[in-house]
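Single-structure report; data block below.
Number of protein chains: 2
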Amino acid sequence: MESMNHELTECIINRAIGVFDSGIGGITVLKELIRKFPFENFIYLGDTARLPYGSKSPDTVRQYSLQNMDFLISRNVKAIVVACNTASTQIFETDYKNTPIYNVIDPGAKKAALATENKKIAVLATRATVAAGSYTLKIKLHLPDAEVFSQACPLFVPLAEEGWHDDPITNLIAFRYLQNLKSLDIDTAVLGCTHYPLLKSAIAKVFGNHVALIDSGEALAEELAIDFERSRMPQKTLFEHGSLTLCLTDAGQQFENLSLNLLSEVISIQPQFETVSVI
Amino acid sequence: MESMNHELTECIINRAIGVFDSGIGGITVLKELIRKFPFENFIYLGDTARLPYGSKSPDTVRQYSLQNMDFLISRNVKAIVVACNTASTQIFETDYKNTPIYNVIDPGAKKAALATENKKIAVLATRATVAAGSYTLKIKLHLPDAEVFSQACPLFVPLAEEGWHDDPITNLIAFRYLQNLKSLDIDTAVLGCTHYPLLKSAIAKVFGNHVALIDSGEALAEELAIDFERSRMPQKTLFEHGSLTLCLTDAGQQFENLSLNLLSEVISIQPQFETVSVI
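So the protein sequences, as listed, match chains D and L.
The numbering of the first sequence is this note's numbering, which starts it at 35 and goes up by one.
The numbering of the second sequence is this note's numbering, which starts it at 35 and goes up by one.
Okay, structure coming up:
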């Protein structure tokens, strides 16, 4: 019996961790996960045929997210990371078809609540994530008297995708979106969209160094590490580098190049690209 | 027999003209059509659940466009206007399931070829439309020795949707995208994406008044008027205002407000909104 359990655990250990996002943004989360767990296997799904999610309705975002989760489960993953903030607002499950589900909002909210001193927190996100109000709700679970100010920044995603990361135009747009928050004396700001860490320097220029910028992807990787340590999730510890498969619902050279570029710091292997259908 | 033909024509006349776009951009085309044909009935389909098309692959854009056309045919339209430049690059049919198809690229290209004096034409469009090369091809059909310079302007769509139409930041971004074209001495520029007419003033500021800006939606409405006159397409001439149904694949208050705002100059009736599925 013990031997069977051992074999079962061995079998789960070698299964990949599934990560999905509406497109390329989740690669910033994947990068943190690979950095922290270099021996794990990963399957990343980018729903490039239907991106972005940030401007779509709650029902549509939930429907697309469940289809993505079903796809990853069909690939036999041992856990699913919802690496898209907008999708995370519509996935309330922590377990789906016997697979543990991790979203980016819970760890981001928790880290922000721990980081703030004056209890004034800004949340920068897509229109859909702001409208869902999930960050405010989750931050207040940890810190009931926190003041949370949300700001939708719809141009940040296309600016990040255009590659204008450290750019005077991006600085101007960041200033326009964020100047009101600055005057509200916040000391912590959540980067509540996976694209936003790419614009960290422009955001930091507006807020100044005394405002802590919380990267939800980083926070999620830290949370997952704690779960691994507590053995809730069997971790692969063999001394070999893991494999990486990048699945896209719409083929695109631009996406492939951008993701290789973003991952270059953390991978030495060539990931395998696949075009897939999730409906 | 003559009476039967007459009845048949009567019946076709009362059918609506179908117009589709990936989202809100095509409303600028619809507006030109309503202005020119105030007595017609229109059904507009905005594929808001999957927008935008401009960053997606040719195969995906064609698949989505055919699904949109099938939906409009199921609504018994008498003609279909492909009011999205990116979709127009992948729809080569002029007739589909016995329904005439009009795209925005053919009339835009023709009008640009007629407007230029020095035969130097710029095409401003999405990445996908530029990559397809359709404008260059179609302009050269009319003017074989034209020099055509294409420029993708990926931030124009989100700027238009953010409502920053006449704005210093939009002027700066327009300057960055267009300064090279300006130095190439073009005298005509095609607004090769249905969102771009909303940024006309920023674009004109960069090019100056001597560059003719061609609005493909306007050109299409002119082309359709010629077809009506030649009776290729039965026109409704009864003295009553037509009806307007706006179908969206993803419900959204923001889209409804924006389209009402854009159409306010040309409609006095309240359009009917429907959320529909096209797959």
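Don't be surprised by glycine CBs; every beta carbon is placed ideally from N, CA and C.
All of these numbers come straight from a predicted model, not from anything done at the bench.
{"Check": "Spatial distance of Val348 of chain L from Leu171 of chain L (CA atoms)", "Outcome": "Because residue 348 of chain L is not part of the residues shown, which for chain L are 35 to 313, the question remains open."}
{"Check": "Cβ of Lys90 of chain L within 8 Å of any chain D Cβ", "Outcome": "yes"}
{"Check": "Coarse secondary structure for Cys118 of chain D, derived from DSSP in three states", "Outcome": "coil"}
{"Check": "Lys144 of chain L burial status per 10 Å Cβ neighbour count (16 or more: buried)", "Outcome": "buried"}
{"Check": "Contacts around Pro92 of chain L, its chain only, beta-carbon distance under 6 Å, and the 5 residues preceding and following it disregarded", "Outcome": "Gln124"}
{"Check": "Length of the line joining the Cα atoms of Cys45 of chain L and Ile303 of chain L", "Outcome": "23 Å"}
{"Check": "Cα-Cα separation between Ala166 of chain L and Pro268 of chain D, rounded to whole angstroms", "Outcome": "48 Å"}
{"Check": "Test: Arg210 of chain L CB closer than 8 Å to a CB of chain D", "Outcome": "yes"}
{"Check": "Burial state of Ile313 of chain L (16 or more Cβ within 10 Å)", "Outcome": "exposed"}
{"Check": "Proximity test, Cβ basis, 8 Å: Asp200 of chain D and chain L", "Outcome": "no"}
{"Check": "Unbroken beta strand (DSSP E) run spanning Pro134 of chain L, endpoints", "Outcome": "Thr133 to Asn137"}
{"Check": "Per-residue DSSP class, three states only, for Ile46 of chain L", "Outcome": "helix"}
{"Check": "Cα-Cα separation between Val63 of chain L and Ala50 of chain L, rounded to whole angstroms", "Outcome": "16 Å"}
{"Check": "Per DSSP, cross-strand counterpart(s) of Gly52 of chain L", "Outcome": "L:Ile77 and L:Ile114"}
{"Check": "Pair within 8 Å by beta-carbon distance, Pro188 of chain D and Arg210 of chain D", "Outcome": "no"}
{"Check": "Straight-line Cα distance separating Ala146 of chain L from Leu79 of chain D", "Outcome": "42 Å"}
{"Check": "Anticipated Cβ contact below 8 Å, Lys112 of chain D with Leu297 of chain D, distance rounded", "Outcome": "Lys112 of chain D to Leu297 of chain D, Cβ: 21 Å. No contact."}
{"Check": "Sequence-distant residues of the same chain with beta carbon closer than 6 Å to Asp284 of chain L, five excluded per side", "Outcome": "Thr82 and Ala83"}
{"Check": "Minimum Cβ-Cβ distance from Glu290 of chain L to chain D less than 8 Å", "Outcome": "no"}
{"Check": "3-residue-minimum beta strand (DSSP E) runs that sit fully inside the stretch 148-234 of chain D, ordered along the chain", "Outcome": "154-159, 181-186 and 222-225"}
{"Check": "Contacting positions in the stretch 269-287 of chain L - beta carbon closer than 9 Å to chain D", "Outcome": "Thr283, Asp284, Ala285 and Gly286"}
{"Check": "Distance CB(Phe73 of chain D)-CB(Thr204 of chain D) smaller than 8 Å", "Outcome": "no"}
{"Check": "Reference Ala117 of chain L; option with closest CA among L:Lys239, L:Tyr136, L:His275 and L:Ile107", "Outcome": "L:Tyr136"}
{"Check": "Rounded C-alpha distance that separates Asp200 of chain L from Lys70 of chain D", "Outcome": "46 Å"}
{"Check": "Exposure label - Ile60 of chain L; buried when at least 16 CB within 10 Å", "Outcome": "In the sequence as presented, Ile is not what sits at residue 60 of chain L; that position holds Gly. The residue in question, Gly60 of chain L, is buried, as its Cβ has 16 or more Cβ neighbours within 10 Å."}
{"Check": "At least three beta-carbon pairs within less than 8 Å, the stretch 218-238 of chain D to the stretch 248-259 of chain D", "Outcome": "yes"}
{"Check": "Secondary structure of Ala285 of chain L, DSSP reduced to three states", "Outcome": "coil"}
{"Check": "Neighbouring residues, chain L, relative to Ala83 of chain D (Cβ below 7 Å)", "Outcome": "Lys90 and Thr94"}
{"Check": "Interface flag, Ile58 of chain D vs chain L, CB-CB below 8 Å", "Outcome": "no"}
{"Check": "Beta-carbon contacts of Met103 of chain D that lie in its chain and below 7 Å, excluding the five residues immediately before and after", "Outcome": "Ile114 and Tyr130"}
{"Check": "Beta-carbon spacing of Gly9 of chain L, Val191 of chain L below 8 Å", "Outcome": "Examination of residue 9 of chain L is not possible in this model, given that chain L is present from 35 through 313 alone."}
{"Check": "Chain-order list of residues whose beta-carbon lies under 6 Å from that of Lys239 of chain D (same chain, five-residue window excluded)", "Outcome": "Asn205"}
{"Check": "Within chain D, the residues that Ile203 of chain L reaches when beta carbons sit closer than 8 Å", "Outcome": "Ile203, Leu206, Ile207 and Arg210"}
{"Check": "Contacts that Glu196 of chain D makes with chain L (C-beta to C-beta distance below 8 Å)", "Outcome": "Pro188 and Leu189"}
{"Check": "Same chain, Cβ closer than 6 Å to Ser277 of chain D, neighbours up to 5 away in sequence not counted", "Outcome": "Asn75"}
{"Check": "Contact check, Ile155 of chain D vs Ala186 of chain D, beta carbons under 8 Å", "Outcome": "no"}
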